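In what follows, a single structure is set out as structure tokens and then discussed.
There are 2 protein chains.
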Amino acid sequence: MVTGGCGFIGSNIVQRLVNEGYKIIVLDDLSSGKKEYINDCLVEKKCEFIEGSITDATLLAKIMPKIDLVIHEAAKPDVRASKKNLFRDFNTNVTGTLHILQAMAQNQVQKIVFASSGGTVYGETEKTPTPENEPFAPISHYGASKAACEQYLSSFSSLYNIEVISLRLGNIYGLPSNHGVMYDFFWKLEKNPSTMEILGDGNQIKSYLYVDDCVDAHMCALQKTLKGHTAFNIASIEGASVNEVAREVVEAMNLSNVEFTYTGGKRGWAGDVRKAVVDISKANKLLSWKPKVSLKEGVKSYISWLETEQNK
Amino acid sequence: MVTGGCGFIGSNIVQRLVNEGYKIIVLDDLSSGKKEYINDCLVEKKCEFIEGSITDATLLAKIMPKIDLVIHEAAKPDVRASKKNLFRDFNTNVTGTLHILQAMAQNQVQKIVFASSGGTVYGETEKTPTPENEPFAPISHYGASKAACEQYLSSFSSLYNIEVISLRLGNIYGLPSNHGVMYDFFWKLEKNPSTMEILGDGNQIKSYLYVDDCVDAHMCALQKTLKGHTAFNIASIEGASVNEVAREVVEAMNLSNVEFTYTGGKRGWAGDVRKAVVDISKANKLLSWKPKVSLKEGVKSYISWLETEQNK
């Protein structure tokens, strides 16, 4: 089962799994995901789609007996809005994850790959690149929700002998994403190609990762057997500043002489981590995973897709 | 406000606060606490008591405007039963804590002292004595619930500039506790003073701490100002095995030649940490706190109280 399989990352995972011949059930409540993202798979009946929420225990009790392994991507993904939407996001992200885990335990489902968040769980640690054994100190409710999930993944793993792999993802970008810094930059520049406003001072540094590399990591986690709860940072090798990203977007759009203006301050918004760069050597060692797509190539592909979409 | 102020630890804190002249509101749903534990304070009207739950947001919205500082002790405390009672305990321990924090943020309450759990959040780490910067890896749902709370304490602290002190408590014992290993041993020996069954192999090691020392730590945390979220292990300097505790209880009860039998296995139950010994040097340094009561003295006081209670 892929939860959130109609979302940005989930739909990419579903397509890869279908291509590799896996038999899958997609669970998505379509609150932010779209069925059209996995349209090919649905039309050709290559996967089963169930519209529903991970907070629906009755539904999970019906689905879970058929499941061998769960890839859990469903979540309210908006870091910035999580301050305002505390209980809504908590209910989906944390309570929903507990329902998944409880249904797994009741049906002896033995493995889960969980989409955690390397960009938010560590908060503003001074240790960068941050290794997985750094204590959590989230500064956003979104980060807290993912960090809270990992606590229960740990207890479930131990109490029910469930294999848990938490992938602490960096800033994932690529098609068909319709949010995030590159998406915002694209639309700002479409409207006004001479001046662009950047949130904060532009020096915030994040580990951007192209979605194909993120899907690769999920496939590695799927295929690897590791006892207990193991967490991996999944991100680019080096961080990039928001200014660098802005320059790459400008280049990919074939623009020049764009003037950047800044809202100022060291964060883009309350709860924005200024420097989120993680150490990915553990995933390289234990999962034999590494990113393949450079920021330049990734931004180019994504912008090119946004341009095509816009002209549809 | 002291939440869970009619519970075992909470009632001891309430009594100390009243003695030192603090004006307090006690919030307790009496699901496990008892009003008689703070009877003196109530009779002499030295504190206000409100019967209600920390999951009642409407009630919290009424109380919080009057509050300067929260000591948050309310929780479902049974580690062993937390496997069975996942959602009930999650709802009280985690969702309840979110309601407290949200009400604090909405009313600009600037400080909270939180009763976390040093005996369960770290799980079975090999690093003992365990320092506070060891990553969490709980093996019980109770431990996961406390670890999950700390994630939101971190995000709230950062987003609303709330001062948070998490006291990661060891195994607290003393009057008027009516659960735990010493309580169980006392009653087993009352029924049969010649043979006593010990859960596990008796070699599980925990950081037992007498409740008066635990109250001291809360007072230190109350009086100290620390920005952001700071966590402290609060426990005895050295761990003691379950066998040592059994011997102390036998001695305090003036028994001899008691034969111990064992249920076997390295844990008392599923989710029982085999060795939970924490490093308390940070609390000593930053809070100027240290435990004063030895295991021998503490067990003697507690057993003597249990004997008095029994004869009432």
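The listed protein sequences correspond, in order, to chains A and B. Taken in order, the first sequence gives residues 518 to 829; the numbers are from the working numbering. Taken in order, the second sequence gives residues 518 to 829; the numbers are from the working numbering. Built from N, CA and C at the ideal position, the CB exists for glycine as well. These numbers were taken from a predicted model, which means no experiment stands behind them.
Item                                                                                                                                                                               : Value
Please report the straight-line C-alpha distance between Tyr779 of chain B and Ser599 of chain A, rounded to a whole angstrom.                                                     : 50 Å
Counting contacts by CB-CB distance shorter than 9 Å, is Phe749 of chain A in contact with chain B?                                                                                : no
Any beta-carbon of chain A closer than 9 Å to the one on Lys600 of chain B?                                                                                                        : yes
Using Cβ-Cβ distances below 9 Å, what residues of the region 650 to 663 of chain B are close to chain A?                                                                           : Asn650, Glu651, Pro652, Phe653, Ala654, Pro655, Ile656, Ser657, His658, Tyr659, Gly660, Ala661, Ser662, Lys663
Counting only beta-carbon atoms, is Phe604 of chain B nearer than 9 Å to chain A?                                                                                                  : yes
Starting from His616 of chain B, trace the alpha helix (DSSP H) in both directions and tell me its first and last residue.                                                         : 613 to 623
Out of B:Leu615, B:Leu706, B:Val681, point me to the one whose CA is closest to Ala665 of chain A's CA.                                                                            : B:Leu615
Using a Cβ-Cβ cutoff of 8 Å, what residues of the region 613 to 627 of chain B are near chain A? List them in chain order.                                                         : Leu615, Gln619
In this structure, does DSSP put Phe653 of chain A in helix, strand or coil?                                                                                                       : coil
Select from B:Val611, B:Asn536, B:Ile820, B:Asn760 the residue whose C-alpha is nearest the C-alpha of Tyr700 of chain B.                                                          : B:Ile820
Can you grab the Cα-Cα spacing for the pair Asp545 of chain B / Asp595 of chain B, in whole Å?                                                                                     : 17 Å
Tell me whether Ile812 of chain B sits in a helix, a strand or coil according to DSSP, three-state version.                                                                        : For the record, residue 812 of chain B in the displayed sequence is Leu; it is not Ile. Looking at Leu812 of chain B - three-state DSSP - the assignment turns out to be helix.
Residues of the region 628 to 649 of chain B with a CB closer than 7 Å to any CB of chain A: list them in chain order, please.                                                     : Gly640
Name, going along the chain, the residues of the region 779 to 793 of chain B whose beta-carbon falls closer than 9 Å to a beta-carbon of chain A.                                 : Ala787, Gly788
Once the 5 residues before and after Lys744 of chain A are set aside, which same chain residues still bring their CB inside 7 Å of it?                                             : Glu680
Does any residue of chain A have a CB that is nearer than 9 Å to the CB of Ala800 of chain B?                                                                                      : no
For a contact defined as C-beta to C-beta under 9 Å, what are the partners of Ser671 of chain B on chain A?                                                                        : Gly640, Phe653, Ala654, Pro655, Ile656, Gly660, Ala661, Ala664
Please classify Pro652 of chain A as buried or exposed, where buried requires at least 16 neighbouring CB atoms within 10 angstroms.                                               : buried
In the structure shown, what three-state DSSP assignment does Lys723 of chain A receive?                                                                                           : strand
I'd like the span of the beta strand (DSSP E) that includes Thr747 of chain B, first residue to last.                                                                              : 746 to 751
Between the C-alpha atoms of Met770 of chain A and Ala763 of chain A, what's the straight-line distance to the nearest angstrom?                                                   : 11 Å
Near Val766 of chain A, which residues of its chain fall below 8 Å by C-beta distance, leaving aside the five closest residues on each side in sequence?                           : Met699, Phe702, Phe703, Leu706, Val816, Ile820
Relative to the C-alpha of Phe777 of chain B, which candidate in B:Ala734, B:Pro710, B:Gly538 has its C-alpha closest?                                                             : B:Pro710
Taking the alpha-carbon positions, what's the Asp789 of chain B to Phe749 of chain B distance?                                                                                     : 21 Å
Helix, strand or coil: which one does DSSP assign to Ile558 of chain B?                                                                                                            : The sequence as given places Cys at residue 558 of chain B; Ile does not occur at that position. It is helical.
State the CB to CB distance for the pair Gly550 of chain A and Ala793 of chain A, rounded to an integer number of angstroms; the pair is presumed to be in contact (CB under 8 Å). : Between Ala793 of chain A and Gly550 of chain A the Cβ distance is about 25 Å, and since that is not below 8 Å, they are no contact.
Which of the three DSSP states, helix, strand or coil, is assigned to Ile682 of chain B?                                                                                           : strand
So does Pro648 of chain A have its beta carbon nearer than 8 Å to some heavy atom of the ligand NAP?                                                                               : Within the structure as shown, the ligand NAP is missing, as the structure has no ligands at all.
Return the residues of the region 670 to 693 of chain B that lie within a Cβ-Cβ distance of less than 7 Å from chain A, sorted by chain order.                                     : Ser671, Ser672, Ser675, Leu676
Kindly list, in the order they appear in chain A, the residues whose Cβ is closer than 9 Å to that of His746 of chain B.                                                           : Ala654
Which of helix, strand or coil does DSSP assign to Cys523 of chain B?                                                                                                              : coil
I'd like the list of long-range same chain contacts for Asn529 of chain B, defined as Cβ closer than 6 Å, with 5 residues on each side in sequence excluded.                       : Val728, Val732
Can you find the residues in the same chain that come closer than 6 Å, C-beta to C-beta, to Val587 of chain B, ignoring five residues on each side of it along the sequence?       : Met518, Ile629
For the putative contact between Leu670 of chain B and Ala734 of chain B, defined by C-beta atoms under 8 Å, what is the C-beta separation to the nearest angstrom?                : Not confirmed; about 17 Å, so no contact.
So is Val611 of chain A in contact with chain B if we call contact Cβ pairs under 9 Å?                                                                                             : yes
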